[in-house]
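Written out below as structure tokens is the structure these notes cover.
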Amino acid sequence: MSAFHSRSPRRMHADEADVDAPLVRRLVARRFPEWAGLPVRRLASSGTENAMFRLGPRLVVRLPRRPGAVPDVVHEQRWLPRLGPLLPVAVPEPLGVGEPDEDFPWPWSVYRWLEGRNPVAGAVEEPRRLAVDLGTFVRSLRRVAPWDGPPGHRGGPLRDRDEPTRAAVAELGARVDAAAVTALWERALDAPAHTGAAVWAHGDLSPGNVLVGPGGALRAVIDFGTAGVGDPAADLIVAWNLLPGHARDTFRRTVGADDAEWARGRGWALSVSLIQLPYYWDTNPALAENSRHVITEILAEAG
């Protein structure tokens with residue numbers, strides 16, 4: 193859904209499936225013969241759980257890369273039609289689900305193509321405008337009735353991240369200022385826990401899941417595989433992984449985050465980046481670079 197150019201992807205996971213354009217052509221032809229004649233082209237992205245292929249001018253095929261991503265297919269098929277009409281920008285629209293077969297062992301999805309491009313941290317057009325747009329999206333998602341919504345992938349207590357975060361710092365070694373990031377992590381753990389009602393959160397507002405249009409206005413938010421109800425603080429990570437420092441207050445005011453929530457959000461941004469960085473250091477350069485960007489921003493903010 194983002195207009196990346198095709199390139200050969202790097203293998204990121206030991207249990208990752210081999211997926212290519214000829215496979216997608218066969219899957220589409222069997223499951224959706226009405227689309228069998230459409231050209232298929234792989235799209236490169238910084239996404240870690242799904243492979244995406246452009247299918248003609250108006251469609252995109254999304255396939256899980258590994259077993260752990262399979263539940264997201266059903267999750268998005270169920271929740272996107274319910275969430276989409278209640279949000280202020282476009283979200284993926286499921287048009288069909290493919291069944292497992294002899295060529296591919298898991299379900300997969302076809303969505304309507306969404307126009308837009310991914311913004312780049314450090315080169316955001318009209319940062320305060322985007323900060324308002326993102327804050328409005330987050331606030332609107334929080335206002336959606338929780339219904340019987342599933343627990344958010346990142347909706348639990350921040351302290352649940354303590355062990356993997358410290359392990360990542362140890363693995364990174366001299367590649368980060370271990371003492372400084374550990375001190376900031378411990379400060380985040382000291383923030384008051386979320387005691388309010390569980391609310392909807394996207395859970396992965398990263399540059400790769402944001403699409404902007406002309407002038408940098410928010411056009412769409414994609415990849416709702418981590419969406420669910422819980423502590424909404426995880427949706428504040430976009431303040432550090434995308435927005436420059438001078439636009440963060442605008443985002444915070446728009447969302448309405450208090451000091452405790454803001455501190456937890458900063459902790460989420462730090463933890464996600466520290467854990468991602470050693471894992472994707474060689475296999476996903478864009479994600480690794482964004483993780484370094486977040487860590488640098490949070491260290492600079494702390495003085």
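Using my numbering, the first residue of the sequence shown is number 193, and each one after it goes up by one. Note that the Cβ used here is the ideal one computed from N, Cα and C, for glycine as well.
Using the Cβ count rule (16 or more neighbours within 10 Å means buried), how would you classify residue i?
{"i": "T442", "result": "buried"}
{"i": "R199", "result": "Because R199 sits at a pLDDT of 40, beneath the cut-off of 50, its placement in the model cannot be relied upon, and the following sentence gives the value as read from the coordinates. R199 should be labelled exposed."}
{"i": "L135", "result": "Only positions 193 to 495 of the chain appear in this structure, which leaves residue 135 out of reach."}
{"i": "W339", "result": "exposed"}
{"i": "V486", "result": "buried"}
{"i": "L278", "result": "exposed"}
{"i": "H197", "result": "Low local confidence applies: a pLDDT of 34 at H197 is under 50, so the model's placement there is unreliable, and no value is given."}
{"i": "E317", "result": "exposed"}
{"i": "G314", "result": "exposed"}
{"i": "R444", "result": "buried"}
{"i": "R270", "result": "exposed"}
{"i": "A261", "result": "buried"}
{"i": "P203", "result": "Checking the sequence, you will find Arg at residue 203 rather than Pro. Exposed, by the Cβ-count rule."}
{"i": "G239", "result": "buried"}
{"i": "G344", "result": "buried"}
{"i": "R257", "result": "buried"}
Could you say which of the options lies nearest to residue i if we only look at CA atoms?
{"i": "R335", "options": "P477, I467, A372 and A390", "result": "A390"}
{"i": "V330", "options": "L376, V281 and T374", "result": "V281"}
{"i": "Y471", "options": "G457, A393 and V361", "result": "V361"}
{"i": "T418", "options": "E378, G408, N401 and V302", "result": "N401"}
{"i": "D369", "options": "T488, R218, V216 and V211", "result": "T488"}
{"i": "P356", "options": "L428, P342 and L466", "result": "L466"}
{"i": "V479", "options": "N310, L381 and H345", "result": "A small correction: the amino acid at residue 479 is Leu; Val does not occupy that position in the sequence shown. Of N310, L381 and H345, the residue nearest in Cα terms is N310."}
{"i": "G341", "options": "G420, S301, V289 and A366", "result": "G420"}
{"i": "R218", "options": "A492, A236, A243 and F296", "result": "F296"}
{"i": "L350", "options": "D474, L462 and R367", "result": "L462"}
{"i": "V312", "options": "D352, P263 and S398", "result": "S398"}
{"i": "A371", "options": "E226, L491 and R258", "result": "L491"}
{"i": "G248", "options": "R353, L255 and V302", "result": "V302"}
{"i": "G395", "options": "D423, G388 and R222", "result": "D423"}
For residue i, which residues of its own chain have a beta-carbon under 6 Å away from its beta-carbon, when the five flanking residues on both sides are left out?
{"i": "A439", "result": "P319, R320 and A323"}
{"i": "V408", "result": "At residue 408 the sequence reads Gly, which differs from the Val that was named. Within the same chain, G408 has close Cβ partners E317, E318 and L322."}
{"i": "F245", "result": "V216, V232, R234 and V253"}
Below 7 Å CB to CB, which residues in the same chain sit around residue i once its five sequence neighbours on both sides are set aside?
{"i": "A425", "result": "H386, E453, R456, G457 and W460"}
{"i": "R304", "result": "R250, L251, E285 and L287"}
{"i": "D325", "result": "A409 and L410"}
By Cβ distance below 8 Å, which residues in the same chain neighbour residue i in space, the five residues on each side in sequence not counted?
{"i": "R358", "result": "T374 and W377"}
{"i": "L469", "result": "A360, L364, R367, V368, A480, S483, R484 and I487"}
Enumerate, from N- to C-terminal direction, the unbroken beta strand (DSSP E) stretches of 3 or more residues contained entirely within the stretch 454-489. none
Residue ranges of each beta strand (DSSP E) within the stretch 213-280, 3 or longer: 232-235, 242-247 and 251-256
Starting from the N-terminal side, write out each stretch of the beta strand (DSSP E) that is 3 residues or longer and does not extend beyond the stretch 337-420. Counting only runs of 3 or more, we get 391-393, 402-404 and 410-413.
Please list the segments of the alpha helix (DSSP H) lying wholly inside the stretch 284-348, counting only runs of 4 or more residues, in order along the chain. Counting only runs of 4 or more, we get 319-334.
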